[in-house]
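This report refers to the structure that appears directly beneath it.
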Amino acid sequence: MKIEEPIKTTVEELRKLLDVKNLVGEAIESEDKILIPLMKMGVGFGAGMGEGRASTSDTGAGSGAAAGAGVEPVAVIVLLKGVEGPGGVRVIDLTSGRGRVIGELGSAVTDIIREISDKGDSEVKRGE
């Protein structure tokens with residue numbers, strides 16, 4: 348059994364994950380600012396192959412490959428509308444204590460808004 352095929356397939360899938368779209372989030376626009384979330388990604392990869400023979404004439408072989416990835420928000424770029432130059436750009440570090448709280452609150456608010464929006468859409472469809 349060859350190890351090349353499982354490795355090739357796993358690497359192809361990893362390439363899909365390692366896209367800039369997965370590290371620079373979709374911009375969120377409000378009246379006076381634009382927020383751009385930034386993430387970091389960690390990736391692990393492993394592959395192996397083996398074969399063996401039982402005490403009888405039976406033989407076996409196998410190969411496999413796997414990968415895993417984790418994404419974590421690390422910062423938010425804040426672009427202030429109507430403010431030109433460096434004064435119109437802020438970066439909020441989400442890895443510090445205060446930033447981590449802001450990040451968690453932002454995630455919670457986003458989830459709540461999504462839930463309300465989805466519920467509203469389903470109620471409109473049902474005519475409620």
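Each step along the sequence shown adds one to the number in this note's numbering, with nothing skipped, and position 112 is 459. Glycine included, C-beta positions come from ideal geometry on N, C-alpha and C. Quick caveat: nothing in here was measured; it's all calculated off a predicted structure.
Three-state secondary structure assigned by DSSP to residue i
| i | result |
| --- | --- |
| I460 | helix |
| K355 | helix |
| L477 | Shown here, the chain extends from 348 to 475; a query on residue 477 therefore has no answer. |
Between the CA atoms of residue j and residue i - distance to the nearest angstrom
| i | j | result |
| --- | --- | --- |
| A414 | L361 | 7 angstroms |
| E378 | G372 | 19 angstroms |
| T357 | V421 | 27 angstroms |
| G386 | A416 | What sits at residue 386 in the sequence shown is Met, not Gly. Straight-line Cα distance between these residues: approximately 12 angstroms. |
| G435 | V423 | 14 angstroms |
Beta-carbon proximity of residue i to residue j, cut-off 9 angstroms
| i | j | result |
| --- | --- | --- |
| L426 | I381 | yes |
| I383 | A394 | no |
| M396 | G407 | no |
Ordered list of beta strand (DSSP E) runs contained in the stretch 364–439, each at least 3 residues: Complete beta strand (DSSP E) runs here, min 3: 380–400 and 406–427.
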